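Residue numbers (my numbering), protein chains in the order written: chain L, -4 to 392; chain S, 406 to 509; chain W, 458 to 617.
Notes follow once the structure below has been shown.
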Amino acid sequence: MTRESVDQIFVSAKRWLLSLLPDAPDWVIQIASSLINIAAVLGAFMMLFALISVLERKILARIQNRYGPNRVGPFGLFQPVADGIKLLIKEDIVPIRADKIIHFIAPIMIAATAILALGVIPYGRNMTPFSIDGGILFFFAVGSTTELGVFMAGWGSNNKFSMLGAMRAIAQMVSYELPLIITVLPVIMIVGSLSADAIVAAQEGYVLAGIVPRWFVFTPWGLAAFILFFVSGLVESNRTPFDVPEGESEIVAGHMTEYSGFKYANFFLAEYFGMFAVSGLAVTLFLGGWHAPLSVLQFIPSYIWFFAKLAVLLFVFIWIRGTLPRMRVDHVMGFAWKFMLPMAFTCIIAAAVWHYQRHGLAGWLWSLGVVSIIYLGLSRLVETKKKFAPRTYRFAE
Amino acid sequence: MSPTLSLFLIISAALFSIGLLAALSRRHAIFILIGIELMLAAANLNFIAFWRFGPQPQSPTGVMVAIFSIAIAAAEAAVGLALVIAVYRHYRTTSVDKLDQLKG
Amino acid sequence: MSTAAFTVIAILTLAGALAAASLPKLIHAALCLVIAFVGIAAFFFLLGAEFVGLVQVFVYVGAVAVLIVFTILLTRRADEKTGGFNWGGVVIAIAVFAGLIWAILQTPSLSLPAPLIEALTVKRIGEVLMTDYIWPLQCVGLLLTAALIGGLILVMEEKP
């Protein structure tokens, strides 16, 4: 088993499966190839979803100084099976005056758009499920369709709290879509292509004798853009500290209030798949995709590196959830429009400066200067303390 | 047998007339906006169909016009819907039959 | 280009558009409009203009449709009667459709199959946008800024 054959083991398996239908017409081969890709992606990410749902509870528990679920199976790792059975056998309650079609389609639409976004991420060498020319644009296009599904969930429940929760969720998602997309622009500008494969290919190679890889996160604009992208991804998936739409102490469960049983499981599937998609895109754009971090470690297969980096990012998601409290919703909006958007534009300018200094040390220092000056200026200027008016009391007469 | 240009044009004409139907025969202001958006999308489809089947498909003129048209349609939808909200705040109605005075 | 794909997408789009034009409840009509937009994006993919198809999904479904449903939400009344149907509009629409179909079927050069072209990459679109179409790009930017400011001013509540 040479290094390349282990690396390409899934590609060879798919080729072997396709060779089982020898002389079918062209469109049958295309459809079969797409179905195999879809089955592989869904299978891998369903396993990851089950694993993450129990790992999240255990990691949160350890942060809070207790054990997590540890009864079902060794170290509690079969907990997803128990959760799945519980959610599947629950009664499916639909409110009488709810709009039945919209109430039914909403969780399907949210889950479907989250899964669609996973189709353009390269998981290994030659392992992108659907490699299209405008891959990143496709990712953001289906990501912005999620808002419609959230609205349908809130509307279809015929419940004022659901509607309020849906409005808050959509306002948050729309506000943070701008920083999410604009922080990706420097990478696209430097690489010159919207295709995810091209972006990963532009990050190969090592500087300084095989120690520092050429990932974009090791440039000043790349680091700033990565942090901004990560924070916007936190918001887009409605995770703490930005989980006002699903905060249990505030608005029951927001747009998911009237859903029970398997539809609720669908919402959680959609949230975790959104996390996977955003982390996968962050790995692709900034952390070098499936490239190894040191040139001596290149014998390890590419998909192992991708999933290792994905696991690190997911751990950071869970870590932040266990550590930070929830932000107030007007602070969330102010943060997006007053801080993140100007910083995102600064990343574009810094990337242009770096590019025109021909990627050398001078360019690194110049772009570091640009990012730092704007960051310091913004952090002084953005008001984070609201001035409180004197309290007025209104008594019932 | 692959579809010819006339088939695409028939589909786009059908979409345009459905949009016209929505814009002319409903009284709610938002329905009229839905009809206008459908008409704009049908015109875009027309442009792209002519670009594809036309004599010089390597010049991206049709695609450019369609991209700018999508941007302008988005701007127009935003302003139109802002107008509908402003009118609703003032008159508490969205039926265009009731908006028949020039003085507010 | 396959005829099967074309037929399926055509049926989907026309059904969505008809539903959007004729359903009595506004929210259902807006959601069927989304189906029509996705169908038109699928047509763009079929015709080889993938970038425009993606921009269509992004802008129309992700922005315009969300705007429409938000406005429906904000201008709701408890006693919602969506008003009568004006049958004169149907007559005019059918007349326009008939006229367009007659014009299309009269032209013989429209029955040729599609020529084979090389795919239009995003890189080429970017180059053309920055060289030949720089003035329209700036004008559209100005227009979008004006629409943004205008929309904000229209719905801003006046300070009491």
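Beta carbons: idealized from backbone N, C-alpha and C, even for Gly.
Just so you know, these numbers come straight off a predicted model, no measurement behind them.
Cα-Cα, which of 221/L, 252/L and 42/L is closest to residue 89/L?
-> The sequence position of residue 89/L within the first sequence is 94, counting from 1. It is 252/L whose Cα lies nearest to the Cα of residue 89/L.
Rounded Cβ spacing between residue 105/L and residue 144/L (contact assumed at less than 8 Å) | As a working mapping, residue 105/L is identified with position 110 in the first sequence. As a working mapping, residue 144/L is identified with position 149 in the first sequence. Correct: roughly 4 Å between the Cβ atoms.
Tell me, to the nearest whole angstrom, how far the beta carbon of residue 561/W is from that of residue 415/S; I am working on the premise that it is less than 8 Å.
-> Here residue 561/W refers to the residue found at position 104 when the third sequence is read from its first residue. Here residue 415/S refers to the residue found at position 10 when the second sequence is read from its first residue. The pair is a contact, with the Cβ atoms about 6 Å apart (cut-off 8 Å).
Taking all protein chains shown into account, decide if residue 602/W is buried (16 or more other Cβ within 10 angstroms of its Cβ) or exposed.
-> Locating residue 602/W in the third sequence gives position 145, where the first residue counts as 1. Answer is exposed; the Cβ neighbour count stays below 16.
Residue 129/L touches chain W at which residues, Cβ-Cβ below 8 Å?
-> As a first step, residue 129/L is located in the first sequence; it is residue number 134 there, counting from the start. Those within 8 Å of residue 129/L in chain W are 507, 508, 511 and 579.
For residue 20/L, does the three-state DSSP call read helix, strand or coil?
-> To locate residue 20/L, count along the first sequence from 1; it is residue 25. Coil, per DSSP.
At least three beta-carbon pairs within less than 8 Å, the segment 345 to 353 of chain L to the segment 202 to 219 of chain L = yes
Rounded to whole angstroms, how far is the Cβ of residue 126/L from the Cβ of residue 190/L, which I believe are closer than 8 Å?
-> Within the first sequence, numbered from 1, the residue matching residue 126/L stands at position 131. Within the first sequence, numbered from 1, the residue matching residue 190/L stands at position 195. Confirmed, Cβ separation roughly 7 Å.
Looking at chain L, which residues of the segment 514 to 529 of chain W have a Cβ within less than 8 Å of any of its Cβ atoms?
-> Result list: 514, 515, 518, 519, 520, 522, 523, 526 and 527.
Enclosing alpha helix (DSSP H) for residue 423/S [first to last residue] | As a working mapping, residue 423/S is identified with position 18 in the second sequence. From DSSP, the alpha helix (DSSP H) with residue 423/S extends over 410 to 430.
Measuring only between beta-carbons, confirm whether residue 140/L sits less than 8 Å from chain W.
-> If you number the first sequence from 1, residue 140/L lands on position 145. Yes, because at least one Cβ of chain W sits closer than 8 Å to the Cβ of residue 140/L.
8 Å Cβ cutoff met for residue 504/W and residue 454/S = On the third sequence, residue 504/W is found 47 positions in, with the first residue counted as 1. On the second sequence, residue 454/S is found 49 positions in, with the first residue counted as 1. A contact, by the Cβ cut-off of 8 Å.
Report the three-state DSSP secondary structure of residue 215/L (helix, strand or coil).
-> Residue numbering aside, residue 215/L sits at position 220 when the first sequence is read from its first letter. In the structure shown, residue 215/L sits in a helix (DSSP, three-state: H, G or I).
Can you tell me the Cα-Cα spacing of residue 24/L and residue 263/L, whole angstroms?
-> The residue given as residue 24/L occupies position 29 in the first sequence. The residue given as residue 263/L occupies position 268 in the first sequence. If you take the alpha carbons of residue 24/L and residue 263/L, they lie about 34 Å apart.
Measuring alpha carbon to alpha carbon, tell me which of 62/L, 153/L, 318/L and 260/L ends up nearest residue 86/L.
-> Counting from one through the first sequence, the residue named residue 86/L turns up at place 91. Nearest neighbour of residue 86/L by Cα position, chosen from 62/L, 153/L, 318/L and 260/L, turns out to be 260/L.
Is there a Cβ from chain W that is less than 8 Å from the Cβ of residue 486/S?
-> Against the second sequence, residue 486/S aligns to sequence position 81. Yes, residue 486/S lies at the interface with chain W (some Cβ there is under 8 Å from its Cβ).
Does DSSP put residue 500/S in a helix, a strand or coil?
-> As a position in the second sequence, residue 500/S is number 95, starting the count at 1. In the structure shown, residue 500/S sits in a strand (DSSP, three-state: E or B).
Would you call the CB atoms of residue 334/L and residue 377/L closer than 8 Å?
-> Residue mapping note: residue 334/L aligns to position 339 of the first sequence, counting from 1. Residue mapping note: residue 377/L aligns to position 382 of the first sequence, counting from 1. Yes. Within cutoff.
Of the residues 2/L, 327/L, 256/L and 31/L, which one's Cα is nearest the Cα of residue 166/L?
-> Translated into positions along the first sequence, residue 166/L becomes position 171. Among 2/L, 327/L, 256/L and 31/L, the Cα nearest to that of residue 166/L belongs to 327/L.
Do the segment 269 to 278 of chain L and the segment 109 to 122 of chain L make contact, defined as three or more Cβ pairs closer than 8 Å?
-> Look at the beta carbons and you see the segment 269 to 278 of chain L touching the segment 109 to 122 of chain L: at least three pairs across the two are nearer than 8 Å.
Shortest alpha-carbon distance to residue 313/L belongs to which of 4/L, 48/L, 177/L and -1/L?
-> Sequence index remark: in the first sequence, residue 313/L carries index 318 (1-based). The option with the nearest alpha carbon to residue 313/L is 48/L.
So what's residue 118/L in DSSP terms, helix, strand or just coil?
-> Here residue 118/L refers to the residue found at position 123 of the first sequence. Here residue 118/L sits in coil by DSSP.
Taking residue 466/S as the reference, give the member of 489/W, 582/W and 470/W with the closest Cα.
-> Here residue 466/S refers to the residue found at position 61 of the second sequence. Minimum Cα distance to residue 466/S is reached at 582/W.
Cα-Cα separation between residue 124/L and residue 278/L, rounded to whole angstroms | In the first sequence, the residue the question calls residue 124/L occupies position 129. In the first sequence, the residue the question calls residue 278/L occupies position 283. When only Cα atoms are considered, residue 124/L and residue 278/L end up about 16 Å apart.
Compare the C-beta of residue 441/S against all C-beta atoms of chain W and say whether one is closer than 8 Å.
-> Locating residue 441/S in the second sequence gives position 36, where the first residue counts as 1. No, because no Cβ of chain W sits closer than 8 Å to the Cβ of residue 441/S.
Under 7 Å between beta-carbons, which chain W residues line up against residue 444/S? List them in chain order, please.
-> Counted from its first residue, the second sequence places residue 444/S at position 39. Here the premise fails: no neighbours, minimum Cβ distance about 10 Å.
Nearest to residue 306/L by alpha carbon, out of 11/L, 43/L, 37/L and 21/L?
-> Position 311 of the first sequence, counted from the start, is the residue given in the question as residue 306/L. Closest option to residue 306/L, Cα to Cα, is 43/L.
Beta-carbon proximity check, residue 509/W vs residue 501/W, cutoff 8 Å | Along the third sequence, one-based indexing puts residue 509/W at 52. Along the third sequence, one-based indexing puts residue 501/W at 44. Contact flag set, yes.
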